[in-house]
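Novice: Next up is a structure, given as structure tokens.
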Amino acid sequence: MPNPLLSPFFFLLLLTGCQQYAPKQSNQIAQDLTPQKIAIQPVASKNQPTSPCKMQPFLPESIKLPKHGFKSIGTSDSPCSNDTSNESQWERFPGKTYDLLLKTEGPGGSGRYWAITVNIDETHTTEPQNGISFETSTIGWRTLQGFENGGLHWAEDLDGDGDPELIAWGSYFAGDDPDMAPYPAGMIAWVYRKKQQNQLVLDLNLSRKFATSIVAAYRQPIDQANQQDTRNMIAEQLELFAKGACRVISPLATTNPRRP
195 MPNPLLSPFF FLLLLTGCQQ YAPKQSNQIA QDLTPQKIAI QPVASKNQPT
245 SPCKMQPFLP ESIKLPKHGF KSIGTSDSPC SNDTSNESQW ERFPGKTYDL
295 LLKTEGPGGS GRYWAITVNI DETHTTEPQN GISFETSTIG WRTLQGFENG
345 GLHWAEDLDG DGDPELIAWG SYFAGDDPDM APYPAGMIAW VYRKKQQNQL
395 VLDLNLSRKF ATSIVAAYRQ PIDQANQQDT RNMIAEQLEL FAKGACRVIS
445 PLATTNPRRP
């Protein structure tokens, strides 16, 4: 089931580590979201709820970084020959057994698009020579407006083991009428932890735990009183996800970046 937020309404997507920001036509985005590009299967779980969550992962459950070079994942399928075109600098998030290195570029355009490049460094010193990049929209920030007295965190040690997790922020269509998409949009974060060398896996338990922090942010009063009903609605949707009371449908279990 394609994410309603990622629809022809979203006419601009960004690439990082491959090329500079470039617009996409709506028909190309629709083609990127065909079942051939993103297949879905239920996440295995006992006593799984029947109602799907409003928010759904936009990246695979398992992501393997290429051994050499950079590769785009998600709705984009373009290979990256190198990482020299992205003018942003690497930011290192140090850990006990590995460091997570990120390039974050955004937000841009009316959809508040971000381009994120990720590298895992187990030596704590290596300059990135490989990694993955993905595109995401944070248009839901218009309803969230603030998070923990600051902006969005893209990496953090969320389970207290001394190593950072990747926080893949995204947006989802929170309404019921598809003709109104993408508004209103809510914010969601999917947490990925390192499983083995050059591999990140979606951790639903950490994602649900982190969602409670997003719920708290939506519950905070804001100056625009006319948005509070929408914020409360989104908070309730996120609470269902946080409690495991709705069903998560995920993309293909594993994405192993293909070399060109």
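Here my numbering runs 194 ahead of the position in the sequence shown, where the first position is 1. Quick reminder that beta carbons are idealized off the backbone N, C-alpha and C, glycines included. This one's a predicted model, so the numbers in the text were calculated from it and none came from an experiment.
Helix, strand or coil for N324 per DSSP?
Specialist: Numbered from its first residue, the sequence shown carries residue 324 at position 130. N324 falls in the strand class under three-state DSSP.
Novice: Taking DSSP as the reference, what is the three-state secondary structure of T406?
Specialist: Within the sequence shown, the letter at position 212 stands for residue 406. Helix at T406.
Novice: Please classify S487: is it buried, with 16 or more other beta-carbons within 10 angstroms of its beta-carbon, or exposed?
Specialist: No statement about residue 487 is possible, as the shown extent of the chain runs from 195 to 454 and does not include it.
Novice: What distance in whole Å lies between the Cβ atoms of G263 and P324, which are believed to be in contact at a cut-off of 8 Å?
Specialist: The residue given as residue 324 occupies position 130 in the sequence shown. The residue given as residue 263 occupies position 69 in the sequence shown. Looking at the sequence provided, one finds Asn at residue 324 rather than Pro. Their Cβ separation, rounded to whole angstroms, is 6 Å, which keeps N324 and G263 in contact under 8 Å.
Novice: Please state if the CB of A436 and the CB of A410 are separated by a distance shorter than 8 Å.
Specialist: Within the sequence shown, the letter at position 216 stands for residue 410. Within the sequence shown, the letter at position 242 stands for residue 436. The answer is no: Cβ separation not under 8 Å.
Novice: Is the region 368 to 378 touching the region 387 to 394 in the sense that three or more CB pairs, one from each, lie closer than 8 Å?
Specialist: Short answer: they don't touch.
Novice: Using CA atoms only, rank isn't needed, just tell me which of V385, D353, T244, W284 is closest to T319.
Specialist: Position 125 of the sequence shown, counting from 1, holds the residue named residue 319. With distances taken between Cα atoms, T319 lies closest to W284.
Novice: Under 8 Å, do W308 and T332 count as touching if we go by C-beta distance?
Specialist: In the sequence shown, the residue the question calls residue 308 occupies position 114. In the sequence shown, the residue the question calls residue 332 occupies position 138. Yes, these two residues count as a Cβ contact at 8 Å.
Novice: Does DSSP put M249 in a helix, a strand or coil?
Specialist: Working through the sequence shown from its first residue, we reach residue 249 at position 55. Three-state result, M249: coil.
Novice: Spatial neighbours of F341 within its chain, please: C-beta separation below 6 Å, excluding the five flanking residues on both sides.
Specialist: Counting from 1 along the sequence shown, the entry for residue 341 is found at position 147. Within the same chain, F341 has close Cβ partners A411.
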